[in-house]
Amino acid sequence: MTEPHLSLRGLNGWYGESHVLHGVDLEVPEGETVTLIGRNGAGKTTTLRAITGLLKRRTGEIRLHGRELIGLPAYAAARAGIAYVPEERGIFAALTVKENLTLPPVLAEGGMSLTEIYRLFPNLEERASSPGTKLSGGEQQMLAMARVLRNGARLLLLDEPTEGLAPVVVQRIGEVLKALKAAGMTILLVEQNFRFARRLADRFYVMEHGRIVDQVTTRDAGVRIASLQSYLGV
Ligand code: ATP
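In terms of the numbering used here, the sequence shown is residues 1 to 234.
Right, here's the structure in full:
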């Protein structure tokens, strides 16, 4: 059997003395889109931060194609091909769209060229000389995604990319993620918008109180919608 792109085993994580992740087990097979759902405070963002190494205090296993990442600093995870788009997006507000996309050391081996980025996000080309501060929420989200694609990452971690965005923008982000998936990208998505996630995800993991409490493939999701929605508290 081939190694999953990402696998978490018995992952524990802490903020200071506060124990937040309690033995998280999760697998993201190569090329799949996996969605992590759960109520506010369940530990979804913390899981992404633990994978990237931004959460310093963590134990257990985090394997990327079988290679252990625990103990390595955050830049090593980035260099190993993990891209993280946080909920707050992390773009440079004072710089233009084009500067955000071209500022060194953004371009890396295997990264998308500006032409490819603009093909995927035509609105970013139109806004190339606008400063980050003048972008709409949707444009900021797309810019944040475009920046990490310049890095040549093959595993994309996205934290609630649709939060606060208009339906037409949500749809556009869904199309972009589908295109990335078709190009072979592996995606781990934290999402509260179940309708959106259902169109993209191959499987769902449900998180509660820092633990994975259920796993559902999209094939089952139809019959189990009610239980998934109850996890989300909707
Ligand atoms: P949300 O959708 O609200 O972001 P989440 O599932 O992503 O929810 P986390 O943000 O991972 O949840 O939070 C998990 C727990 O860790 C919560 O109890 C939260 O209060 C706590 N927590 C989050 N960030 C910190 C921090 N910087 N310091 C201390 N505790 C934190």
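Just so you know, even glycine gets a beta-carbon here, dropped at the ideal spot from N, CA and C.
Own chain partners of residue i with C-beta closer than 8 Å, once the 5 adjacent residues on each side are dropped
i: residue 176; result: 120, 121, 142 and 145
i: residue 229; result: 194
i: residue 232; result: 37, 38, 39, 192 and 194
i: residue 148; result: 83, 84, 85 and 156
i: residue 197; result: 35, 37, 189, 191 and 204
Residue from the options with nearest C-alpha to residue i
i: residue 203; options: 21, 53, 27 and 72; result: 27
i: residue 66; options: 9, 111, 90 and 59; result: 9
i: residue 85; options: 113, 3, 130 and 160; result: 160
i: residue 152; options: 37, 179, 11 and 80; result: 80
i: residue 63; options: 52, 56 and 138; result: 52
i: residue 2; options: 24, 25 and 29; result: 29
i: residue 32; options: 225, 224 and 217; result: 217
i: residue 113; options: 164, 89, 87 and 150; result: 150
i: residue 18; options: 162, 46, 34 and 215; result: 46
i: residue 56; options: 20, 154 and 227; result: 20
Residue i - containing alpha helix (DSSP H), residue span
i: residue 199; result: 194-200
i: residue 100; result: 97-102
i: residue 52; result: 44-52
i: residue 115; result: 114-120
i: residue 74; result: 74-79
i: residue 137; result: 137-149
i: residue 154; result: Premise fails: residue 154 is in no alpha helix (DSSP H) and is neither H nor E.
i: residue 175; result: 167-182
For residue i, the residue or residues it bridges with in DSSP
i: residue 204; result: 35 and 216
i: residue 15; result: 18
i: residue 7; result: 27 and 63
i: residue 242; result: It is not possible to answer for residue 242, since the shown part of the chain is limited to 1 through 234.
i: residue 211; result: 208
i: residue 131; result: 96
i: residue 82; result: 155
Proximity test, residue i beta-carbon vs the ligand COA heavy atom, cut-off 7 Å
i: residue 115; result: You won't find the ligand COA in this model; what it holds is the ligand ATP.
Residue span of the beta strand (DSSP E) that contains residue i, given as start and end
i: residue 191; result: It is not in any beta strand (DSSP E) - residue 191 carries neither H nor E in the DSSP assignment.
i: residue 89; result: Here residue 89 belongs to no beta strand (DSSP E), and DSSP marks it neither H nor E.
i: residue 63; result: 57-64
Own chain, CB closer than 6 Å to residue i, minus 5 neighbours either side, in chain order
i: residue 156; result: 83, 185 and 187
i: residue 133; result: 93
i: residue 7; result: 27 and 63
i: residue 138; result: 165 and 169
Cut-off 7 Å between Cβ atoms - residues of its own chain near residue i, not counting five sequence neighbours on either side
i: residue 199; result: 174
i: residue 98; result: 128 and 129
i: residue 44; result: 36, 38, 190 and 207
i: residue 72; result: 53
Any residue with its Cβ nearer than 6 Å to a heavy atom of the ligand ATP should be included. What is that list in chain order? Checking every Cβ against the heavy atoms of the ligand ATP under 6 Å gives 15, 18, 20, 38, 40, 41, 42, 43, 44, 45 and 46.
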